[in-house]
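One structure is given here, and the rest of the page talks about it.
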Amino acid sequence: MQYKNKSQIARIETEKWVIDSLFCPLCGNRLNASTANTKVYDFFCSSCNQEYQLKALSKKIGKKLIGSEYYTFIKAIQNRSVPNFLVMEYSIENNTFKSKEVIFIPKVFISEAIIEKRKPLSESARRAGWTGYNLLFEHIPSYGKLYIVENEVIKSKSNVLKESQKIVGLYNMESNEVKWKIEILKIVDSLDSVFTLHDVYNKENELQKLFPDNNHIKDKIRQQLQFIRDDNVIIFHGNGKYEKT
Ligand SMILES: [Zn+2]
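5 is the number of the first residue of the sequence shown in this note's numbering; add one for each residue after it.
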């Protein structure tokens, strides 16, 4: 038998688990391992044609995820060709593989704003000048992190699909509109469970910096709050009062 090191075993086990137990979180079909010789994605769904890159960690999912080559990835974001992400925490104990957490990050949430450039490798390194990136996991709003496995329990397909259907609409939206929605979701994340329109208006200056061409930030805020209310992320209580669901 061919000798396999720990990381090879982990790769084989995670791939096997994804194919046997996971499903496409956008349509429910089974996932296939990529046969293409590409580093861009690891799995694809032949039913809805979505691609998935798996980040499997044997430790807790932290604030940042280490990614591959920075410039290639930025280009992929600009071309809108980034895959969706599946972030997994697993353990292998006594030869038993366990999937502890699996989080689906829809590709629309992967923007340049959450990609941090790392220091290029030094002159003495084998790949001198090579530049990696970190994905700032903590900067993705909770709405963009769908748990498929939580505390070692896999959710039912119907529950996952119910959640992901709220996001599917973003896939065909114009990128500026997606950016707006994500920024509003991030603000809502940062507020108390009951908040007011005024609380969101307080972020007007920050939003103005992100959207310098927009002269109607407050109107846009109200519109976006309506959209996420329609998505059932918040409830409107009247008199400028909102509550998170
Ligand atoms: Zn699918």
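Cβ atoms here follow ideal geometry from the backbone N, Cα and C, with glycine treated the same way. What you are looking at is a predicted structure, and each value in this text was computed from that prediction instead of being measured.
Asked, Found
"What distance in whole Å lies between the Cβ atoms of P145 and I186, which are believed to be in contact at a cut-off of 8 Å?", "6 Å"
"Can you give the Cα-Cα distance for Q12 and E142, rounded to whole angstroms?", "28 Å"
"What does the alpha-carbon distance come out to for the pair L195 and Q230?", "17 Å"
"Counting pairs of beta carbons, one from the region 148-163 and one from the region 197-214, are three or more of them closer than 8 Å?", "no"
"Could you check where the beta strand (DSSP E) with S72 kicks off and where it finishes?", "68-73"
"Give the straight-line distance between the Cα atoms of Y147 and M177, rounded to the nearest whole angstrom.", "16 Å"
"Examine ligand 1 and report whether any of its heavy atoms sits within less than 7 Å of the Cβ of Q54.", "yes"
"Alpha carbons only, please: which of Y175, E167, T100, K190 is nearest the one belonging to Q54?", "Y175"
"Looking only at its own chain, which residues have a Cβ that is under 6 Å from the Cβ of F89, when we skip the five neighbours before and after it?", "Q57, I109"
"Can you tell me which of the three DSSP states E17 falls into?", "helix"
"Note down, one range per segment and in chain order, each alpha helix (DSSP H) of at least 4 residues found wholly within the region 76-131.", "none"
"Verify the contact flag: L30, CB atom, against every heavy atom of ligand 1, threshold strictly below 7 Å.", "yes"
"Which of helix, strand or coil does DSSP assign to F141?", "helix"
"What does the alpha-carbon distance come out to for the pair K248 and I238?", "4 Å"
"Flag this pair as yes or no: are the beta carbons of E116 and I171 separated by less than 8 Å?", "no"
"Is it right to say Y137 is buried, meaning 16 or more other beta carbons lie within 10 angstroms of its own, or is it exposed?", "buried"
"So Q54 is in the beta strand (DSSP E); what residue range does that whole segment cover?", "Premise fails: Q54 is in no beta strand (DSSP E) and is neither H nor E."
"Does at least one heavy atom of ligand 1 sit under 7 Å from the Cβ of S197?", "no"
"Measuring only from the beta carbon, is S51 closer than 7 Å to any heavy atom that is part of ligand 1?", "yes"
"With the cut-off set at 8 Å, would you say K207 and I232 are in Cβ contact?", "no"
"Looking at C-alpha atoms only, which residue of I107, S38, G133 is the closest neighbour of Y74?", "G133"
"Looking at the unbroken beta strand (DSSP E) that takes in Y175, where does it start and where does it end?", "Segment 161-175 is the alpha helix (DSSP H) holding Y175; no beta strand (DSSP E) there."
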